[in-house]
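Notes follow the structure.
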Amino acid sequence: MSAIQHYLYCPRRFGLVFLEREWEDNRFTAEGTALHRRVDQPTREFRDGVLVVRGLSLRSTTLNLIGRSDVVEFHTWNRGEDKSNFIQLDGLDGWWRPAPVEYKRGGSRNGPWYKAQLCAQALCLEEMLGVEIQQGFIYLGKTKKKHDVLFDGELRALTKHTVNQIDECLVKKRTPAPTTIVSRCRRCSLKSICLPEVLRKRTSLSTYLSTSLISLPEDSDK
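The sequence shown runs 14 to 235 under this note's numbering.
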């Protein structure tokens, strides 16, 4: 599932990690790894009437996805609520509404890459459990707050489109060009490996030469 986050943040970052098997930690990624390590161990417990399942294996044969959730919460049905988004669980009484939770170290949850990664988990759960999941959560380690994410049509379309782009990239086995949003490169742990400035200059020079050659006048014998 993390491939979706990497690709939307920067296609080249995805290629370096998943095609070239490159990785380098910085402070931000190290803190994120430590946060995930605390929730990746498969466990289940009840908290305030909510069943909290950690490290649940996820899959979707339709989208060709496999992965593991940070947390999936199962909320109990209350009288008056629509039961269509609830399921029954083996060994437990009542009805339960699943909602995936993704843990992030930072203080911002607005990046579409985070929401798409979470939406992919919801799509897997929908296929596995046979129920529509309308909402999930992003938990931010920096603020220790949990924020709602609605799985609307736009987010679902973005997630599926990104999965298709990733599949094409894996088939071609070619690392894409870096993002055009330069500000994203500053905090990227792979900047020293990627060398985005060098690549952009090389692309700019190649474009210039191609354009110049096309515009040159043809020689004519007189």
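Backbone N, C-alpha and C fix where the C-beta goes; we use that ideal spot for every residue, glycine too.
query, result
"Exposed unless 16 or more other CB atoms sit within 10 angstroms - verdict on glycine 104", "exposed"
"Lysine 185 classed as buried or exposed, judged by whether at least 16 other C-beta atoms fall within 10 angstroms", "exposed"
"For leucine 183, three-class secondary structure by DSSP", "helix"
"For leucine 183 and cysteine 207, the rounded distance between their alpha carbons", "18 angstroms"
"Nearest-angstrom Cα separation, counted from alanine 190 out to leucine 222", "Note that leucine 222 has pLDDT 42, beneath the 50 cutoff, so the model's placement of it is unreliable and no number is given."
"Residue(s) in a DSSP beta bridge with glutamate 35", "In the DSSP output, where bridge partners are listed per residue, glutamate 35 has none listed."
"Contact set for serine 15: own chain, Cβ-Cβ below 8 angstroms, skip 5 residues either direction", "Gly80, Gln130"
"Contact check, lysine 155 vs glycine 119, beta carbons under 7 angstroms", "yes"
"Residue range of the unbroken beta strand (DSSP E) whose run includes alanine 64", "Residue identity differs from the one stated: residue 64 is leucine in this sequence, not alanine. Its beta strand (DSSP E) spans residues 63-67."
"Aspartate 95, buried or exposed, once every other Cβ within 10 Å from all chains shown has been counted against 16", "exposed"
"Segment contact, 8 angstroms Cβ cut-off, at least three pairs: the region 131-140 with the region 162-171", "yes"
"For glutamate 94, three-class secondary structure by DSSP", "coil"
"Local Cβ density within 10 Å of aspartate 106, reported as buried at 16 or more and exposed below that", "exposed"
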